[in-house]
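Asks: This is the structure I have questions about; it appears just below.
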Ligand code: BGC
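Numbering (the working numbering), first residue to last: 4 to 789.
Right under this line is the structure:
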């Protein structure tokens, strides 16, 4: 019997055995059985307006902002939001949850005593990017996706992929890099990993959300070229290489329009220019005008409020919003619902394999740590060494940042535990002194609820300090000192230069006193940085023999740090973001975070809103594009990182002297040292300068060797396509590869270039003509290269 006839026979049976209303029920088209247009045709206007508006969010003291139908708490406690289900049409509600560094849900639930719902805290995005290993990041994504699925979540609200425009960005830890290629490749890798489990992602925050100050009201003023080449490019790569199920529009405005209300951004660029097939959701309570959001192609308004649905219904009734536009937004959501675990009725276990995932997290963490300094082979630390561990964060790991990027994990391994697990003897007196001081502080400053912490975060415990003579005694009784410096930040605010970007006076004193005492005894001092964003290193780095940048390494952080410090893992991470010599050197230092207009403040849904604007005068010269072009020497340049071994670069060969549709570069890397190691190899390109100014060099490809044994070689191969040669030409709204001479530079970092070779492009190539949109309405005094 054909499907159709079977269907009719089934309906006939229903007619015989059921009453009229039951018949009407089953006769309604069903998602999955009927086509999407048939389902949409059967929806009432009110149902459509519900589907495009989330089911709401429980605000402390305010109750649920939406209808609460299918509300979050009914599905997965602590998830960020749900969509409305429409039972009569077979449309389930979807569950969305934060965030980029792990599934963010409540760890316990009412009525389920003794049961826990912990998730793995993965290393933060900045660390993952520092691995420069897309295979590794994809494998993290695959494990992450399984947790998403096993906890009954359809879409994870990540990865975050805004650009590190300024080191003070409060959410930089959630983002990958100052470079759009690294950002796009890392995001695509994790999305491909997560989505291989049959769950969705939401790449965020689209776009130019590069600061937290006034995040919901700031107007980002930027040129079309800076947007296309820097701030949109990573999203473009991720869309083209991984088709994320969803994109999350950001809170800010770009050149005068909220991103969530901008058809140029969400339709012309995202869908028409790039071919995005999923749906767009707002950031939580983002934008102002629900009708404008619908017109822009922002399919779903999250977490959803009743006034938003009402406004949409009223606008269709008054003719202000065409029902066709609403239908298109509905269709975009239904398309994704069809692929979701909720639609498929997936029976999730609530029991992901956290033990296995902890090991994946530990491996990834060690692969993304960056060895910044290693004088006199201070590292690795001999196993017989007796270690003195200084610094609050040696005893209190920062696994990841705060806010929606935080994860409720079962435990975290501190460095003192990691060192002990690795077999080191760690000084007991110091351990007792630091842990007592920390527990004292915690007792006096108990952690508040999420919202209270968000509005008014508890300051970190001040650095515990020791007298010089105590330190001297320890220098005599132990073999080596490790000092841990920690930094945390997150959603809602940016960092400050004083006492955050820069070390506090107490931290500086500790580094100095420990270095003086240990160096007097000819013993080494190691500094470990447990930080989520770039800090000042110049004033103190000479005091350290070795510096290990451990970033925020997830729940197994202390074990992963010990893996690298002991030499069990040879460090192979490199910086995906520059450490400048001074904050004032940062190209956006003068314009970050912009200016406020308090006289124009309004009272919005989320409290007082102060209009603000930030002008990207740094243009395309972000990060190394600036430092290299303008010859400003950073403390540690983009792409930099040491190893316990050394590598030789040789035999760079190009497949042709003249570029013709594509070109391959090969280079041979040899481990010339005494221990096995991996090397990150970077391909930069210097493009001809005629019509446009160009950065001195731009990263166009990268790769990482396998673990090479001493003496072993590997040849890496990189392919360049016309798109890799192109710059964005504003006058013609096209990506154009300019005719002329290009130099391929194979580097161990952005300034440590090991091999070069040149090729020629005979004629200009117009790679893609794109929509003429997003231009600024005001003149920008933009930085221009040579
Ligand atoms: C954040 C998003 C997050 C959302 C849901 C917002 O405040 O900006 O990154 O996904 O909340 O929690």
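Glycine residues also receive a C-beta, built at the ideal position from the N, C-alpha and C atoms.
Smallest Cα separation from residue 379: which of 548, 451, 514, 200?
Replies: Stepping through the chain shown from its first residue, residue 379 is reached at position 376. For the residues 548, 451, 514, 200, the minimum Cα distance to residue 379 belongs to 548.
Asks: Exposed or buried, which one is residue 199 when buried takes at least 16 other CB atoms within 10 Å?
Replies: Here residue 199 is taken as the residue at index 196 of the chain shown, counted from 1. Exposed.
Asks: When the Cα atoms are used, what is the spatial distance from residue 644 to residue 179?
Replies: Indexing the chain shown from 1 puts residue 644 at position 641. Indexing the chain shown from 1 puts residue 179 at position 176. Distance between the alpha carbons of residue 644 and residue 179 is about 16 Å.
Asks: Would you mind reading off the limits of the alpha helix (DSSP H) that contains residue 561?
Replies: Here residue 561 corresponds to residue number 558 of the chain shown, with the count starting at 1. It spans 560-568 - the alpha helix (DSSP H) in which residue 561 sits, taken as one unbroken run.
Asks: Compute the distance between the beta-carbons of residue 212 and residue 589, then report whether it is under 8 Å.
Replies: The residue you call residue 212 lines up with position 209 of the chain shown. The residue you call residue 589 lines up with position 586 of the chain shown. Against a cut-off of 8 Å, the Cβ pair of residue 589 and residue 212 comes out as no contact.
Asks: Secondary structure at residue 778, three-state DSSP: helix, strand or coil?
Replies: On the chain shown, position 775 is the one that residue 778 refers to. Coil.
Asks: When the Cβ atoms of the segment 355-363 are set against those of the segment 627-636, are three or more pairs found closer than 8 Å?
Replies: The segment 355-363, when compared against the segment 627-636, does not touch it at the 8 Å Cβ threshold.
Asks: Report yes if the C-beta distance between residue 712 and residue 679 is below 8 Å; otherwise report no.
Replies: Locating residue 712 in the chain shown gives position 709, where the first residue counts as 1. Locating residue 679 in the chain shown gives position 676, where the first residue counts as 1. Against a cut-off of 8 Å, the Cβ pair of residue 679 and residue 712 comes out as a contact.
Asks: For residue 13, which residues in the same chain have their Cβ closer than 7 Å to its Cβ, ignoring the five residues on either side in sequence?
Replies: Translated into positions along the chain shown, residue 13 becomes position 10. Low confidence applies here, because residue 13 scores a pLDDT of 36, under 50, leaving its location unreliable; read the following figure in that light. Closer than 7 Å at Cβ, skipping near neighbours: no residue.
Asks: For residue 26 and residue 308, I'd like the C-alpha separation in whole angstroms.
Replies: Here residue 26 corresponds to residue number 23 of the chain shown, with the count starting at 1. Here residue 308 corresponds to residue number 305 of the chain shown, with the count starting at 1. Confidence at residue 26 is low in this model, with a pLDDT of 42, below 50, so the placement of that residue should be treated as unreliable; the coordinate-derived value is given next. Using only the alpha carbons, I get a separation of about 33 Å.
Asks: So, is residue 449 buried or exposed, given that buried needs 16 or more other C-beta atoms within 10 angstroms?
Replies: Walking along the chain shown from the start, residue 449 turns up at place 446. Its Cβ having fewer than 16 others within 10 Å, residue 449 is exposed.
Asks: Checking 8 Å against the spacing of the C-beta atoms, do residue 376 and residue 544 come in under that value?
Replies: Counting from one through the chain shown, the residue named residue 376 turns up at place 373. Counting from one through the chain shown, the residue named residue 544 turns up at place 541. For residue 376 and residue 544, yes; Cβs fall inside 8 Å.
Asks: Could you tell me the alpha carbon to alpha carbon distance between residue 194 and residue 105, rounded to whole angstroms?
Replies: Counting from 1 along the chain shown, the entry for residue 194 is found at position 191. Counting from 1 along the chain shown, the entry for residue 105 is found at position 102. Whole-angstrom Cα-Cα distance: 13 Å.
Asks: When burial is assigned at 16 or more other CB atoms within 10 Å of the CB, is residue 477 buried or exposed?
Replies: Within the chain shown, numbered from 1, the residue matching residue 477 stands at position 474. Residue 477 comes out buried.
Asks: Cβ of residue 796 within 8 Å of Cβ of residue 641?
Replies: There is no way to answer for residue 796, as the model of the chain reaches only from 4 to 789.
Asks: Residues around ligand 1, please: the condition is that the C-beta lies closer than 5 Å to some non-hydrogen atom of it.
Replies: The filter returns 83, 101, 160, 286, 287, 407, in chain order.
Asks: What would DSSP say about residue 627, mapped onto helix, strand or coil?
Replies: Along the chain shown, one-based indexing puts residue 627 at 624. If DSSP states are grouped into helix, strand and coil, residue 627 belongs with the helices.
Asks: The beta strand (DSSP E) with residue 529 in it runs from where to where?
Replies: Position 526 of the chain shown, counting from 1, holds the residue named residue 529. It spans 527-533 - the beta strand (DSSP E) in which residue 529 sits, taken as one unbroken run.
Asks: For the candidate residues 190, 124, 353, whose alpha-carbon lies nearest to that of residue 141?
Replies: Position 138 of the chain shown, counting from 1, holds the residue named residue 141. Residue 141 has its Cα closest to that of 190, out of 190, 124, 353.
Asks: Roughly how many whole angstroms lie between the Cα atoms of residue 277 and residue 397?
Replies: Start at 1 with the first residue of the chain shown, and residue 277 comes out as number 274. Start at 1 with the first residue of the chain shown, and residue 397 comes out as number 394. Rounded to whole angstroms, residue 277 to residue 397 spans 46 Å at the Cα level.
Asks: For residue 766, which residues of its own chain have a beta-carbon under 6 Å away from its beta-carbon, when the five flanking residues on both sides are left out?
Replies: For the purposes of this step, residue 766 is taken as residue 763 along the chain shown, with counting starting at 1. Hits under 6 Å: 742.
Asks: By the 10 Å Cβ neighbour count, where 16 or more other Cβ atoms means buried, how is residue 749 classified, buried or exposed?
Replies: For the purposes of this step, residue 749 is identified with residue 746 of the chain shown, where counting begins at 1. Flag for residue 749 reads buried.
Asks: Across which residues does DSSP place residue 704 in a beta bridge pair?
Replies: Along the chain shown, one-based indexing puts residue 704 at 701. In DSSP, residue 704 forms a bridge with 686.
Asks: Between which two residues does the beta strand (DSSP E) carrying residue 284 extend?
Replies: Translated into the one-based positions of the chain shown, residue 284 becomes position 281. Start and end: 282-284.
Asks: Count the other C-beta atoms from every protein chain shown that fall within 10 angstroms of the C-beta of residue 700, then say buried if there are 16 or more, exposed otherwise.
Replies: What you label residue 700 is simply residue 697 of the chain shown in a count that begins at 1. Result: buried.
Asks: Suppose the cutoff is 6 Å on Cβ atoms and the five residues either side in sequence are ignored; what does the same chain contact list for residue 7 look like?
Replies: Translated into the one-based positions of the chain shown, residue 7 becomes position 4. Any reading at residue 7 needs caution, since the residue's pLDDT is 40, under 50, leaving its predicted position unreliable; the model's value is listed next. Nothing meets the Cβ criterion.
Asks: Quickly, what does DSSP pair residue 54 with across the bridge? List them, please.
Replies: As a first step, residue 54 is located in the chain shown; it is residue number 51 there, counting from the start. BP columns for residue 54 are empty, so no partner.
Asks: Less than 6 Å between C-beta atoms, sequence neighbours within five positions excluded: which residues of the same chain meet that for residue 61?
Replies: Sequence index remark: in the chain shown, residue 61 carries index 58 (1-based). Hits under 6 Å: 67.
Asks: Is it the case that the segment 612-627 contacts the segment 646-655, given that we only count it when at least three CB pairs across the two stretches are under 8 Å?
Replies: Result no; under three Cβ-Cβ pairs closer than 8 Å.
Asks: Measure the C-alpha to C-alpha separation of residue 240 and residue 324 and round it to an integer number of angstroms.
Replies: Counting from 1 along the chain shown, the entry for residue 240 is found at position 237. Counting from 1 along the chain shown, the entry for residue 324 is found at position 321. Distance between the alpha carbons of residue 240 and residue 324: 32 Å.
Asks: Helix, strand or coil for residue 176 per DSSP?
Replies: Along the chain shown, one-based indexing puts residue 176 at 173. In this structure, residue 176 counts as helix in the three-state DSSP scheme.
Asks: Assuming residue 127 contacts residue 159 under a Cβ cut-off of 8 Å, what Cβ separation, rounded to an integer in Å, is found between them?
Replies: In the chain shown, the residue the question calls residue 127 occupies position 124. In the chain shown, the residue the question calls residue 159 occupies position 156. With 8 Å as the limit, residue 127 and residue 159 do not qualify as a contact, their Cβ atoms being about 15 Å apart.
Asks: Keeping to the same chain, check which residues put their C-beta closer than 6 Å to that of residue 704; ignore five residues upstream and five downstream.
Replies: Residue numbering aside, residue 704 sits at position 701 when the chain shown is read from its first letter. Cβ neighbours of residue 704 beyond the five flanking positions: 686, 721.
Asks: Answer yes if the segment 288-299 comes into contact with the segment 257-266, meaning at least three C-beta pairs across the two stretches below 8 Å, and no otherwise.
Replies: The answer is yes - the segment 288-299 touches the segment 257-266, with three or more Cβ pairs under 8 Å.
Asks: Give me the residue from 727, 708, 729 with the minimum Cα distance to residue 719.
Replies: Residue numbering aside, residue 719 sits at position 716 when the chain shown is read from its first letter. Here the closest residue by C-alpha is 708.
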